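**Student:** Have a look at the structure that comes next, please.
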Amino acid sequence: MITVKNSLFVFILPFFLSGCFHLGDPRAKLYNASAMVVANNICVLTQPKGDEKMVSLSIDEAGNKESIFNKFYDGDGLAVSSDKCIPTYNYPFRAGHTYNVSITLRSQDKKSKGIVPTARLYDVSFTLTGKNDELVISSIN
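When you read off a place in the sequence shown, starting at 1, and then add 2, the result is the number in this note's numbering.
This is how it looks when you write it as structure tokens:
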């Protein structure tokens, strides 16, 4: 015989198993960055909010483990703006290759107030082609 107690348990159990009760989840949320070619250089843009600064940058070419570039910033991080390209430190982007750029923005204000998550992740993947010796983004994910 099904009691109210048992039916309530059967109803609530799936929510616990599916992870719907992650209040205060410290994991950073993932957002889409944008990428474009400016003066034959790759320009990646994010949308920082408040006091967010870039604390990490990762660039890698798909299928080439030797091409990974990681940069971590000490202290508060590097100030970024939604209208300025993220520095790519002369990474050798080449036509005919696919790349992934990941950026972590962190808020010291949120951290000091105990607000979680304190960071947001931005990510963009794109494929480059060459046209008259100029880079062109042919697809973006």
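Beta carbons: idealized from backbone N, C-alpha and C, even for Gly. Computed from a predicted structure; not experimentally measured.
The beta strand (DSSP E) with ASP2 in it runs from where to where?
**Tutor:** Summary: the structure shown does not reach residue 2, with the chain confined to residues 3 through 143, and so no result is reported for it.
**Student:** Go through its chain and collect everything with a Cβ distance to LYS51's Cβ below 6 Å, but skip five positions before and after it.
**Tutor:** Contacts found: none.
**Student:** Output needed for SER140: all residues of its chain with C-beta closer than 6 Å, excluding positions within five of it in sequence on either side, in chain order.
**Tutor:** Hits under 6 Å: THR129, THR131.
**Student:** Check whether chain B comes within 7 Å of ASN43, counting only Cβ atoms and requiring the distance to be less than that.
**Tutor:** Reference to chain B is not applicable here, since this structure consists of a single protein chain.
**Student:** Which two residues bound the contiguous beta strand (DSSP E) that contains SER104?
**Tutor:** Counting along the chain, the beta strand (DSSP E) containing SER104 begins and ends at 100-108.
**Student:** Can you pull the DSSP bridge partners for TYR33?
**Tutor:** Bridge partners of TYR33: TYR124.
**Student:** Using 10 angstroms around the beta-carbon of GLY144, count the other beta-carbons present and answer buried if the total reaches 16, otherwise exposed.
**Tutor:** This structure cannot speak to residue 144, because the chain is shown only from 3 to 143.
**Student:** Going by C-alpha to C-alpha distance, which of THR106, ASP62, LEU137 sits closest to PHE74?
**Tutor:** Minimum Cα distance to PHE74 is reached at THR106.
**Student:** Unbroken alpha helix (DSSP H) runs of length 4 or more, entirely within the segment 41-81: which are they?
**Tutor:** For the segment 41-81, not a single whole alpha helix (DSSP H) run of length 4 or above is found.
**Student:** Which of the three DSSP states is assigned to SER114 in this structure?
**Tutor:** Note: SER114 maps to helix in three-state DSSP.
**Student:** Which word fits GLU54, buried or exposed, when buried means at least 16 other C-beta atoms lie within 10 angstroms of its C-beta?
**Tutor:** Its Cβ being crowded by 16 or more others within 10 Å, GLU54 is buried.
**Student:** Beta-carbon within less than 6 Å of PHE23's beta-carbon, same chain only, minus the 5 sequence neighbours each way: which residues are those?
**Tutor:** Confidence at PHE23 is low in this model, with a pLDDT of 48, below 50, so its placement is unreliable and the value that follows should be read with caution. So the list is empty, once near-sequence residues are dropped.
**Student:** Have a look at the DSSP bridge pairing and note the partners of SER141.
**Tutor:** DSSP, once it has assigned bridges, lists THR129 as partnering SER141.
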